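Inspection log for the structure reproduced underneath, given as structure tokens.
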Amino acid sequence: MKTILLVGSSIFEQWSNMKDFALGYTVKNRAIGGTTTSYWTEHLADVLTAESPNAVLFYCGSNDINNGVLEENIIANVSQCCKIVHGLSPVTAFAYFSIIKAPQKSGKWELIDRLSSSIRIGFPVDDLYVETNDVFFGDRLPVDRFFVDGGLHLTSEAYATLSAYARPLISNWIGAGNMPR
């Protein structure tokens, strides 16, 4: 069975409604709450070796912002994670889900926009960039009902909406031949 592997921080760790996400693929979740992009540059290769996925979906960077990691380091770490995936297996596809402009990140939304723009510009053509803020941010504000108290983590409705948004993107990406079948 082909495998889609989720890695990254708590937003992905808590994404549990992925059972039938992509036809013909099993989804495994190895995301770890609280992790940063630098954690994944150090540990991603071991996870990939253990799991041997056909595709990696990656969400990380939110904790970097909370910890004051420099913008250029976040960008470099995301790029390095992509390189790690392709270095271990050139046929493994990589998708990055952008940092969510959550209520908890108020005052950092311009930084998140800059990070998103820089990461997207530097992204390999055959890999997938998923703009999560198309789901969670509207009318220049976060969609409140998608966030639990504290304004960072997502509600079950938010995960259902993210799944509905991402499923066709991933399916089209698979169908375009960017992912091993």
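For the record, in the sequence shown the residue sitting at position 47 is 142 according to the working numbering, with numbers rising by one throughout. For every residue, glycine included, the Cβ atom is placed at its ideal position computed from N, Cα and C. Please read these numbers as outputs of a predicted model, since none were measured by experiment.
{"query": "Segment contact flag, the stretch 97-114 with the stretch 246-258, C-beta cutoff 8 Å, min 3 pairs", "result": "yes"}
{"query": "The stretch 155-162 in contact with the stretch 113-120 per 3-pair CB rule at 8 Å", "result": "no"}
{"query": "Completely contained alpha helix (DSSP H) runs for the stretch 201-269, where each covers 4 or more residues", "result": "204-216, 228-231 and 251-268"}
{"query": "Cβ-based burial, Ile214 [other Cβ within 10 Å; buried from 16]", "result": "buried"}
{"query": "Best match in Val186, Lys203 and Phe218 for proximity to Ile300 [C-alpha to C-alpha]", "result": "Within the shown structure, residues of the chain are numbered from 96 to 276, placing residue 300 beyond reach of any answer."}
{"query": "When Asn124, Ser157 and Asn149 are compared against Val180, the one with the closest alpha-carbon", "result": "Asn149"}
{"query": "8 Å Cβ cutoff met for Phe192 and Val238", "result": "no"}
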